[in-house]
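S.K.: As you go down the protein sequences, you meet chains A and B in turn. All residue numbers for the first sequence refer to full-length UniProt numbering, where the first residue is 1 and numbers rise by one. All residue numbers for the second sequence refer to full-length UniProt numbering, where the first residue is 1 and numbers rise by one. Beta carbons are placed, not taken as given, at the ideal position from N, Cα and C, and that holds for glycine. Got a structure for you, questions after.
Protein chains: 2
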Amino acid sequence: MKILYTNQENFKSEFDKLVNRSDMDMANVMPVVSGIIADIRARGDEALNQQIAKFDRWEVNKNLAITQEQMKEAFDGLSDELKSALKVAYDRIFAYHEKQLEKTWLSFEENGSILGQKITPVDRAGLYIPGGKAAYPSSLLMNAVPAIVAGVKDITVCTPAIEGKVNELLLAALHVLGIKKAYKVGGASAIAAMAYGTKTIAKVDVITGPGNIFVATAKKLVFGDVNIDMIAGPSEIGVIADDSANVHHIAVDLLSQAEHDELASSFLVTPSAKFANDIKDEIYKILPTLSREKIARKSIDDKAAIIVAKDMDEAVELMNELAVEHLEIAVDNSLEFLPRIKHAGAIFLGHYTPEAVGDYLAGPNHTLPTGGSARFFSPLGVNNFIKRSSIISMNKDGLSELSKACMALADAEGLGAHKKSVEVRVK
Amino acid sequence: MKILYTNQENFKSEFDKLVNRSDMDMANVMPVVSGIIADIRARGDEALNQQIAKFDRWEVNKNLAITQEQMKEAFDGLSDELKSALKVAYDRIFAYHEKQLEKTWLSFEENGSILGQKITPVDRAGLYIPGGKAAYPSSLLMNAVPAIVAGVKDITVCTPAIEGKVNELLLAALHVLGIKKAYKVGGASAIAAMAYGTKTIAKVDVITGPGNIFVATAKKLVFGDVNIDMIAGPSEIGVIADDSANVHHIAVDLLSQAEHDELASSFLVTPSAKFANDIKDEIYKILPTLSREKIARKSIDDKAAIIVAKDMDEAVELMNELAVEHLEIAVDNSLEFLPRIKHAGAIFLGHYTPEAVGDYLAGPNHTLPTGGSARFFSPLGVNNFIKRSSIISMNKDGLSELSKACMALADAEGLGAHKKSVEVRVK
Chain A
1 MKILYTNQEN
11 FKSEFDKLVN
21 RSDMDMANVM
31 PVVSGIIADI
41 RARGDEALNQ
51 QIAKFDRWEV
61 NKNLAITQEQ
71 MKEAFDGLSD
81 ELKSALKVAY
91 DRIFAYHEKQ
101 LEKTWLSFEE
111 NGSILGQKIT
121 PVDRAGLYIP
131 GGKAAYPSSL
141 LMNAVPAIVA
151 GVKDITVCTP
161 AIEGKVNELL
171 LAALHVLGIK
181 KAYKVGGASA
191 IAAMAYGTKT
201 IAKVDVITGP
211 GNIFVATAKK
221 LVFGDVNIDM
231 IAGPSEIGVI
241 ADDSANVHHI
251 AVDLLSQAEH
261 DELASSFLVT
271 PSAKFANDIK
281 DEIYKILPTL
291 SREKIARKSI
301 DDKAAIIVAK
311 DMDEAVELMN
321 ELAVEHLEIA
331 VDNSLEFLPR
341 IKHAGAIFLG
351 HYTPEAVGDY
361 LAGPNHTLPT
371 GGSARFFSPL
381 GVNNFIKRSS
391 IISMNKDGLS
401 ELSKACMALA
411 DAEGLGAHKK
421 SVEVRVK
Chain B
1 MKILYTNQEN
11 FKSEFDKLVN
21 RSDMDMANVM
31 PVVSGIIADI
41 RARGDEALNQ
51 QIAKFDRWEV
61 NKNLAITQEQ
71 MKEAFDGLSD
81 ELKSALKVAY
91 DRIFAYHEKQ
101 LEKTWLSFEE
111 NGSILGQKIT
121 PVDRAGLYIP
131 GGKAAYPSSL
141 LMNAVPAIVA
151 GVKDITVCTP
161 AIEGKVNELL
171 LAALHVLGIK
181 KAYKVGGASA
191 IAAMAYGTKT
201 IAKVDVITGP
211 GNIFVATAKK
221 LVFGDVNIDM
231 IAGPSEIGVI
241 ADDSANVHHI
251 AVDLLSQAEH
261 DELASSFLVT
271 PSAKFANDIK
281 DEIYKILPTL
291 SREKIARKSI
301 DDKAAIIVAK
311 DMDEAVELMN
321 ELAVEHLEIA
331 VDNSLEFLPR
341 IKHAGAIFLG
351 HYTPEAVGDY
361 LAGPNHTLPT
371 GGSARFFSPL
381 GVNNFIKRSS
391 IISMNKDGLS
401 ELSKACMALA
411 DAEGLGAHKK
421 SVEVRVK
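What follows is the structure in structure tokens.
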């Protein structure tokens, strides 16, 4: 695990490597994924079933859909503790996302003109939830709740079932959410099926959810025919901390990101060289105690970095350049830094807000922009499941007031019928 | 120009063709566009200049940038009428988009926890404005104003200059907007330059703006490395009208869409067979009087359709299925239909709101979803130039209350360090 000092000679070039960490090489998988999409569009369910037999190693035989009974059975089989945990998570995520709901608005002018913006949910949403090793039931909650809050009536969930099996907690979460349409299919096939429809799986309008490079590439290729949330890569955390932070806590936080994935990145920026070195020691001390030690160690060795900054101002500046997915600010006066944080998916303030609480049930979404894309992408939210329509209403007075300017511009652009459509009404 | 009756035998299949009108065949141009992007990434300005020489037929010789003097000169050369029209348009578009500004919010829990959402403008926006035949200065206003309102500090404009020349009104609009960075480059090269940067053109975070199939494909390919607004195709209008509407006015409105582009679509849905036939006659009567007759006639002949519905309820239903870019509701009680309109880019209500007034200066954006994508895309707006960051702040009490549920879920997902990061803080 490397420690960089901002005053070292090659800092700029080393830091640039961290800034430019996103390296989703879609070009290599593009032809394969294009082929899968074309095949699903051409042959529908038949192609879908073949893909499942090949990748997930089971024969569909009409059992593509997950039944309501399977969901309920899974929920009933949970411990009381997990039942209650799912409910707490659902309620808190719901309450947060309700605050994101935009309202339709109208504004009036004295001459009687009305302008406005109408908010409507999309009719049909498709949620992709990874399965297998990386089956995270929490991702289902985080994708479904904003769609439900937005008012989407028709929600489809797709998740791969390796050898036909679906994670029990995921099934239970489907029950808690009241999902009616869920299918055991994953990868690019699932994205294509939801984007274009097959006999079994109906076409949707928006596809959201995380996935591997094949899923990400498929989402990019179907974008425009449906809307998608974002293109997400490996998870990452950035921590700004000073000597007021607890070394053990911060070391665990960095490891909690590293345990996700060998490609996950963990960054610490601190003004304290002592804190930097203590964290490094602590991380290697904790590593052997982790259930996912192997993954976490590789991520820490290859992808993590500690940066010792001149002061907190420089630390904030560097973190804005990194534009990380999860940002912890573990200092005493953390709220004071909020105005200066420009780019981050989610911001965790203070000494008692570990990133993990945001993964499950603080309330905000855990589907967040990665790889520096927090510069321009937002967390998944209600916004992904609604769309806006502009509203314009004028009477003859309102149109007349604007007619001269409007006709001048139409004229200048050489659009005669545009001009005429105003002229005939006000003459 | 065909007239369809909803009770005719083959109506469903004929109507489905209209619903599935979007046919952006990007597969054919994808290899060419990928090549251009790779070339710009590898060779920067050198590749840019070669592309310009080839497609726009002029030698750059360091004159890629449009100067502030050129902008001011163009503005000074405008008629007073056009100067004033630009100003009216700018002010009204600005006032509308200001109403779209979202605010950062925080919410508090009794135990001291804080949740919230921070709104930050993107640092750098890139606006693509078509040139040549389809140079619409109004598009520059419609792309730049929401970026300015959002608070974007660094705005880059790219527009192709055929034989080195840029439309005077476009130059004048650059002056009105106070744009500092504008370059004479178009097509996929411009999109690649803004997405990845060259020596002359700096990298941006978001790219918006209309363009041909090469521009649309380039935007799709760079999506993820930057954000983009949407993938837009040919323009279109849908009109719902009954016998209360003026035949001449509505015929002109349908033609105002048709004159844009041979591929533009104009749809009328009406419960009145008489109105339907009158409109058809009127359109062919007006056509020879239009400056852009040839384009409008081809669009009307190939792409337009009139549908006679059973009643207004059916008309609204059909229009929701068409999910058009511009929707006029030309009936006496137009506002009453607003709740039932689900899918449309912009809604124009009543007898005195021709679509053209929205193109220039009513206030709402004229960059709108096409080809049925109003089902899931929204008008361009302030939203395209900001991003959200979630905020979570807890103290020991707040975290403790959630710790049991959080640790149970982390446990169930097999993420030990996640669990530990909560455990070590609350024990």
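Considering only residues of the same chain and omitting the five flanking positions on each side of Ser-400(A), which have a CB-CB separation below 7 Å?
M.R.: Val-426
S.K.: Just to confirm the assignment, what range does the alpha helix (DSSP H) spanning Gly-209(B) have?
M.R.: No alpha helix (DSSP H) holds Gly-209(B); DSSP gives it neither H nor E.
S.K.: So does the stretch 214-221 of chain B actually touch the stretch 255-273 of chain B, counting three or more Cβ pairs closer than 8 Å?
M.R.: no
S.K.: Would you mind giving the Cβ-Cβ distance between Leu-141(A) and Val-157(A), rounded to the nearest angstrom? I have them listed as a contact below 8 Å.
M.R.: Contact doesn't hold; Cβ gap of about 11 Å is too wide.
S.K.: Does the separation of the CB atoms of Leu-380(A) and Pro-146(A) fall below 8 Å?
M.R.: Cβ atoms of Leu-380(A) and Pro-146(A): closer than 8 Å.
S.K.: Indicate, with yes or no, if the ligand MN has a heavy atom lying under 7 Å from the CB of His-343(B).
M.R.: This structure lacks the ligand MN, and indeed carries no ligand of any kind.
S.K.: What are the boundary residues of the beta strand (DSSP E) that Asp-154(B) is part of?
M.R.: 154-158
S.K.: Any idea which residues DSSP pairs Phe-348(A) with across the strands?
M.R.: Glu-328(A) and Ile-392(B)
S.K.: Is the CB of Ala-85(B) under 8 Å away from at least one CB in chain A?
M.R.: yes
S.K.: Would you please verify whether the beta carbon of Asn-20(B) is less than 8 Å from any beta carbon of chain A?
M.R.: Not an interface residue.
S.K.: For Asn-63(B), which beta-bridge partners are listed by DSSP?
M.R.: In DSSP, Asn-63(B) forms no bridge with anything.
S.K.: Would you say Lys-342(A) reaches chain B, if we count a Cβ-Cβ gap shorter than 8 Å as a contact?
M.R.: yes
S.K.: So, using beta-carbon positions, are Val-247(B) and Ile-279(B) closer together than 8 Å?
M.R.: yes
S.K.: Enumerate in chain order the residues of its own chain whose CB-to-CB distance from Gly-116(A) is below 6 Å, with the five nearest sequence positions on each side excluded.
M.R.: Short of 6 Å from the beta carbon of Gly-116(A), and not among the five residues preceding or following it, lie these beta carbons of its own chain, in chain order: Trp-105, Leu-106 and Ile-391.
S.K.: Check the Cβ of Ser-13(A) against every Cβ in chain B and list those closer than 8 Å, keeping chain order.
M.R.: Under the 8 Å cutoff, chain B gives no residues; its nearest Cβ is about 17 Å from Ser-13(A).
S.K.: Which residues does DSSP pair with Ala-296(B) in a beta bridge?
M.R.: Note: Ala-296(B) sits in no beta bridge, so no partner.
S.K.: Quick one, which of Pro-234(A), Pro-369(A), His-97(A) and Asn-227(A) has its alpha-carbon nearest Ala-232(B)'s?
M.R.: Asn-227(A)
S.K.: May I have the straight-line CA-CA distance separating Phe-214(A) from Pro-160(A), to the nearest angstrom?
M.R.: 13 Å
S.K.: Beta carbons nearer than 7 Å to chain B: which residues of the stretch 26-56 of chain A have them?
M.R.: none
S.K.: What span of residues does the alpha helix (DSSP H) with Ile-306(B) cover, start to end?
M.R.: Taken as a continuous stretch (DSSP letters only), Ile-306(B) belongs to no alpha helix (DSSP H), being part of the beta strand (DSSP E) at 305-308.
S.K.: Just to confirm, is the Cβ distance from Val-382(A) to Leu-127(A) under 8 Å?
M.R.: no
S.K.: Where do the ends of the beta strand (DSSP E) carrying Gln-117(B) lie?
M.R.: 114-121
S.K.: Using a Cβ-Cβ distance cut-off of 8 Å, determine whether Cys-158(A) contacts chain B.
M.R.: no
S.K.: What residue does the beta strand (DSSP E) around Arg-124(B) start on, and which one ends it?
M.R.: 124-128
S.K.: Tell me, please, whether the stretch 62-79 of chain A touches the stretch 342-362 of chain A by the rule of three or more beta-carbon pairs shorter than 8 Å.
M.R.: no
S.K.: On the premise that Glu-98(A) lies in contact with Val-176(A), defined as a C-beta separation below 8 Å, what is that separation, rounded to the nearest angstrom?
M.R.: The pair is not a contact, with the Cβ atoms about 17 Å apart (cut-off 8 Å).
S.K.: Give me the chain B residues within the contact set of Glu-81(A), using Cβ-Cβ distance strictly less than 7 Å, ordered along the chain.
M.R.: Ala-408
S.K.: Would you kindly work out how many angstroms separate the C-alpha atoms of Asn-61(A) and Pro-234(A), rounded to a whole number?
M.R.: 34 Å
S.K.: By a C-beta neighbour count over all protein chains shown, 10 Å radius and 16 as the cutoff for buried, is Phe-275(A) buried or exposed?
M.R.: Taking all protein chains in view, the Cβ of Phe-275(A) is crowded by 16 or more other Cβ atoms within 10 Å, so the residue is classified as buried.
S.K.: Taking Leu-106(A) as part of the beta strand (DSSP E), name the residues at either end of that continuous run.
M.R.: 105-108 is the span of the beta strand (DSSP E), which, as asked, contains Leu-106(A).
S.K.: Skipping 5 residues on each side, what residues in its chain have a beta carbon closer than 8 Å to that of Ile-341(A)?
M.R.: Val-316, Met-319, Asn-320, Leu-327, Ile-329 and Ile-347
S.K.: Distance cutoff 8 Å, beta carbons only. Does Ala-150(A) sit that close to anything in chain B?
M.R.: no
S.K.: Is there a Cβ from chain A that is less than 8 Å from the Cβ of Ser-138(B)?
M.R.: yes
S.K.: Indicate whether the contact test is met: 3 or more Cβ pairs, each with one atom in the stretch 45-53 of chain A and one in the stretch 184-201 of chain A, closer than 8 Å.
M.R.: A contact is defined here as three or more CB-CB pairs under 8 Å, and the stretch 45-53 of chain A meets this definition with respect to the stretch 184-201 of chain A.
S.K.: The beta strand (DSSP E) spanning Leu-4(A) covers which residue range?
M.R.: 2-5
S.K.: Name the chain B residues that come within less than 9 Å of Ser-421(A), Cβ to Cβ?
M.R.: Going along chain B in sequence order, the residues near Ser-421(A) (Cβ under 9 Å) are His-249, Val-252, Asp-253, Leu-255, Ser-256, Pro-354, Glu-355, Ala-356 and Val-357.
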